[in-house]
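Working notes, structure below.
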Amino acid sequence: MSGTRLTKWVVAVPMAALALATIYPLVFTANVAMKTRREYILDRFSLSDSLHWENIVKAWTSVGMSRYFLNSVIVVACSVVLLLLLGSMAGFALARLRFRGSSTLFLGILAALFVPFQVIMVPLARIMADTGLVDTYPGLVLAYVAQFLPFTIFLMTSYYSTVPPEIVDAARIDGNTVYGVYWRIMLPMGAPALLSVGVLNALFCWNDVLISLLMMPSAENRTLMVGVTSLRGQYSDDIPTFASGVLIAAVPVLLVYLFLQRQIADGVTAGATKG
Amino acid sequence: MSSVGPAPAGPTEGAAIAPPARRPHPAGPSSRRNRRGSRAERLAPFVLLAPAVLIIVALRLWPLLLGVNFSFTGDGDRNGMWVGLDNYLTLLDDPLFRTALGNVGLLVLLLPVAVAIPGLLATFVYLRVPGHRVYRGVYFFPAVLSPVIVGAIFNLLLAYDGPLNTVLGGVGLGPVDWLGDPDVAIFAVVGVHVWATFGMALVVFLAGFATLDPSLLDAAKVDGASLPQTIRHVIIPALSRTIQFVFVTTMIGMLTSMFGLLYVMTSGGPEGSTYLPEYYVWIQQGQMNQPALASAASTALFLIMLVVGLVQIGILRRAGKEE
Chain A
1 MSGTRLTKWV
11 VAVPMAALAL
21 ATIYPLVFTA
31 NVAMKTRREY
41 ILDRFSLSDS
51 LHWENIVKAW
61 TSVGMSRYFL
71 NSVIVVACSV
81 VLLLLLGSMA
91 GFALARLRFR
101 GSSTLFLGIL
111 AALFVPFQVI
121 MVPLARIMAD
131 TGLVDTYPGL
141 VLAYVAQFLP
151 FTIFLMTSYY
161 STVPPEIVDA
171 ARIDGNTVYG
181 VYWRIMLPMG
191 APALLSVGVL
201 NALFCWNDVL
211 ISLLMMPSAE
221 NRTLMVGVTS
231 LRGQYSDDIP
241 TFASGVLIAA
251 VPVLLVYLFL
261 QRQIADGVTA
271 GATKG
Chain B
1001 MSSVGPAPAG
1011 PTEGAAIAPP
1021 ARRPHPAGPS
1031 SRRNRRGSRA
1041 ERLAPFVLLA
1051 PAVLIIVALR
1061 LWPLLLGVNF
1071 SFTGDGDRNG
1081 MWVGLDNYLT
1091 LLDDPLFRTA
1101 LGNVGLLVLL
1111 LPVAVAIPGL
1121 LATFVYLRVP
1131 GHRVYRGVYF
1141 FPAVLSPVIV
1151 GAIFNLLLAY
1161 DGPLNTVLGG
1171 VGLGPVDWLG
1181 DPDVAIFAVV
1191 GVHVWATFGM
1201 ALVVFLAGFA
1211 TLDPSLLDAA
1221 KVDGASLPQT
1231 IRHVIIPALS
1241 RTIQFVFVTT
1251 MIGMLTSMFG
1261 LLYVMTSGGP
1271 EGSTYLPEYY
1281 VWIQQGQMNQ
1291 PALASAASTA
1301 LFLIMLVVGL
1311 VQIGILRRAG
1321 KEE
């Protein structure tokens, strides 16, 4: 018994070291963001002697991060709302309504889940260009919705499959139409799954760079992640400003993670336990 | 599928998105009177599904066919002309694409490591190593960060005059040109990818452990099994489905979600040594303006994923049966 306890402590040391290695890069970046250029060049590791918020202010205002931030917020918010609406409608229909071809449809949606964006990006770029949607908010929103909808439908369908069919039947007997059942019963009942899928989709959209690069070529339409990549070239000799830009992009994710970690993990693992 | 033209699909979908959700209110009272069986009611499943299906077909499945078709046509002067397998032959001749394929091979070789690390860590967390409550939350965090942010941070850390080399210099090692040496850069990028994503697999493993029957572990303990024996004979067989899932998703992740890292950290360099197929597709489409060649590379990537995925599942199934 004492042998296994000893083993556990021996294992705990490298695990704790790994935990530090996981946190440190972000702490390092935050520290650099608070330094002056001179301080960074003289010593990379020392704690900044005073907090130089002017780097953050510079990144936010003169570098244009505020504009990119706003673009990201608008696009992510619209995408997530649409994804949740369309995903829950489809999930409810697939899980709780009987109609011809429902299992075929579900399989088709599942197949779309395994088509990675890289495989369709060339024709998609052409479709978006032909329809005049390139470089517009609706174009990028539509691209995100198309990308993450199969996953959303998959999770919502498996969630609604756990809702007892009697609830739907009872609501029908009470005189609700199918749409009424969806709007008044299923949508509110889906809240836990919607929260989990919604957070995950928000992260996917917020973190994306490839789709955004492809759909938003002009500088003023850049999303935040593309904005960060453009900082690298512009501020290669001003590391604290660069680090400030990175920090601005990372902090919202950190906040979401601190409050909704369990929901994120639930969304990630739902595919594993139900697939 | 051919009836859904790609060109008009985009805007009409945008318009079709809102109405179904609003419909219940005006439709509610009338259909409440003539109960079930009304036309509107029978159509309801299709109305609920229509916007989603339209978007998926028009912007995911249709482009897939379009892209495969596109890969057999030419670029530039031969735009739109049928060129057979020319693009695929060009790919095989292109040293950059060959490097990309070689790097895919490297990823496949590294895959067992990328699965074993989170698997082992999850086992220890499950066995309640001291501090186990903290590890899960800490390890999972980089997995929710954008590859762009991760790449940008490691750009600083791995710079030639950066902190890591300063530390190495302090103990008399290096400096190593992490992102500038063609022999080293791909390992640096893959290492960062594993650092950033092992928490994802860890969380999936922990969800698998949650379904594990604790009495199995107790029995193993009573029988005096060592930790390696317990892992080999109890944990691996019980979690075979989870392990399968992690193998496949980790592989997909390596092949399709490293773009951000490559874009920020190396731009495919030095000397093209960090190219992966997805980056090659992007360069040919976005920079070189060779969409047909890019489509051929896309199709090749899709085939690689199908083959690797099916072979993996085959191997893992067989291994599972031998247990």
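Chains A and B are the protein sequences, given in the same order. Heads up, the first sequence is in the numbering used here, so the first residue is 1 and it goes up one at a time. Heads up, the second sequence is in the numbering used here, so the first residue is 1001 and it goes up one at a time. The beta-carbon is built from N, C-alpha and C at its ideal position, and this holds for glycine as well. Here the structure is a predicted model, which means the values were calculated and not measured.
Tyr1088/B versus Thr241/A: straight-line alpha-carbon distance, rounded: Distance from the CA of Tyr1088/B to the CA of Thr241/A, rounded to the nearest whole angstrom, comes to 44 Å.
Among Met1265/B, Ile1231/B, Phe1245/B and Ser1257/B, nearest to Ser236/A - alpha-carbon criterion: Of the candidates Met1265/B, Ile1231/B, Phe1245/B and Ser1257/B, Met1265/B places its Cα closest to the Cα of Ser236/A.
Length of the line joining the Cα atoms of Ser158/A and Pro1214/B: In this structure, the alpha-carbon of Ser158/A lies about 27 Å from that of Pro1214/B.
Inter-residue Cα distance where the pair is Arg172/A and Ser1038/B: Approximately 13 Å, taken between the alpha carbons.
Bounding residues of the alpha helix (DSSP H) (the contiguous stretch that carries Ile169/A): Reading the sequence as shown, one finds Asp at residue 169/A and not Ile. In this chain, the alpha helix (DSSP H) harbouring Asp169/A covers Pro165 to Ile173.
With 16 other Cβ atoms within 10 Å as the buried cut-off, status of Lys35/A: Burial call: buried.
Residues of the stretch 1256 to 1282 of chain B whose Cβ lies closer than 8 Å to any Cβ of chain A, in chain order: Residues of the stretch 1256 to 1282 of chain B with a C-beta less than 8 Å from any C-beta of chain A: Thr1256, Phe1259, Gly1260, Tyr1263, Val1264, Pro1277, Glu1278, Val1281 and Trp1282, listed in chain order.
Leu1111/B vs Phe1247/B beta-carbon contact at 8 Å: For Leu1111/B and Phe1247/B, yes; Cβs fall inside 8 Å.
From Cys205/A, Asp49/A and Leu6/A, residue whose alpha carbon lies closest to that of Ala33/A: For the residues Cys205/A, Asp49/A and Leu6/A, the minimum Cα distance to Ala33/A belongs to Asp49/A.
Leu1061/B and Ala112/A closer than 8 Å at C-beta: Yes, these two residues count as a Cβ contact at 8 Å.
Spatial distance of Leu214/A from Pro123/A (CA atoms): C-alpha separation (whole angstroms): 12 Å.
Backbone secondary structure at Asn221/A - three-state DSSP: In the structure shown, Asn221/A sits in a helix (DSSP, three-state: H, G or I).
Burial state of Val1148/B (16 or more Cβ within 10 Å): That one is buried.
N-terminal and C-terminal residue of the alpha helix (DSSP H) that His1193/B is part of: Judged by DSSP secondary structure, His1193/B falls within the alpha helix (DSSP H) whose first and last residues are Ala1185 to Ala1210.
Same chain only: Cβ atoms within 6 Å of Leu1145/B, ignoring 5 sequence neighbours per side: Contacts found: none.
Under 9 Å from the C-beta of Met1305/B: neighbouring residues of chain A: In chain order: Phe114, Pro116 and Val119.
Residues that Phe1154/B contacts on chain A, provided the C-beta gap is smaller than 8 Å: One finds Pro25 in chain A with Cβ atoms closer than 8 Å to the Cβ of Phe1154/B, taken in chain order.
Per-residue DSSP class, three states only, for Asn1079/B: In the structure shown, Asn1079/B sits in a strand (DSSP, three-state: E or B).
Phe1187/B versus Gly1269/B: straight-line alpha-carbon distance, rounded: Roughly 13 Å separates the two Cα atoms.
Per-residue contacts from Phe278/A into chain B (C-beta, under 8 Å): Residue 278/A cannot be examined here, being either before or after the span of chain A that is shown, 1 to 275.
CB contact below 8 Å: Tyr182/A versus chain B: Closer than 8 Å: yes.
Backbone secondary structure at Glu1242/B - three-state DSSP: The question names Glu, but residue 1242/B in the sequence shown is Thr. In the structure shown, Thr1242/B sits in a helix (DSSP, three-state: H, G or I).
Beta-carbon spacing of Ala1152/B, Val228/A below 8 Å: Going by C-beta atoms, Ala1152/B is nearer than 8 Å to Val228/A.
Buried versus exposed call for Leu194/A [16 or more other C-beta atoms within 10 Å across all chains shown]: Here Leu194/A is buried. Its C-beta has 16 or more other C-beta atoms within 10 Å.
Min CB distance Met34/A to chain B below 8 Å: Closer than 8 Å: no.
Cutoff 8 Å: Ala1052/B Cβ touching any chain A Cβ: Interface criterion met: the Cβ of Ala1052/B is under 8 Å from a Cβ in chain A.
Cβ neighbour criterion (16 or more within 10 Å) applied to Glu54/A: Glu54/A is exposed by the Cβ-count criterion.
Contacts around Met1305/B, its chain only, beta-carbon distance under 7 Å, and the 5 residues preceding and following it disregarded: If we look at Met1305/B and ignore the five residues flanking it on each side, its Cβ neighbours are Ile1252 and Leu1255.
Minimum Cβ-Cβ distance from Ser2/A to chain B less than 8 Å: Since pLDDT at Ser2/A reaches only 43, below the 50 mark, its modelled position is unreliable, and the value read off the structure follows with that caveat. So no, Ser2/A is outside the interface.
Assigned secondary structure, Thr1073/B (DSSP; H/G/I helix, E/B strand, else coil): Thr1073/B falls in the strand class under three-state DSSP.
Listed by chain order, chain A residues near Tyr1135/B by CB distance under 7 Å: Those within 7 Å of Tyr1135/B in chain A are Met15 and Ala19.
At least three beta-carbon pairs within less than 8 Å, the stretch 1292 to 1309 of chain B to the stretch 1167 to 1183 of chain B: With a cut-off of 8 Å on Cβ pairs, the stretch 1292 to 1309 of chain B is not in contact with the stretch 1167 to 1183 of chain B, counting fewer than three such pairs.
Distance CB(Tyr1139/B)-CB(Phe1198/B) smaller than 8 Å: Contact flag set, yes.
Among Ile248/A, Val10/A, Ser88/A and Phe148/A, the one whose alpha carbon lies nearest that of Leu70/A: Among Ile248/A, Val10/A, Ser88/A and Phe148/A, the Cα nearest to that of Leu70/A is on Ile248/A.
At least three beta-carbon pairs within less than 8 Å, the stretch 199 to 210 of chain A to the stretch 144 to 155 of chain A: Yes, they touch.
Inter-residue spacing [alpha-carbon to alpha-carbon] between Val141/A and Leu1156/B: Cα to Cα, Val141/A sits roughly 32 Å from Leu1156/B.
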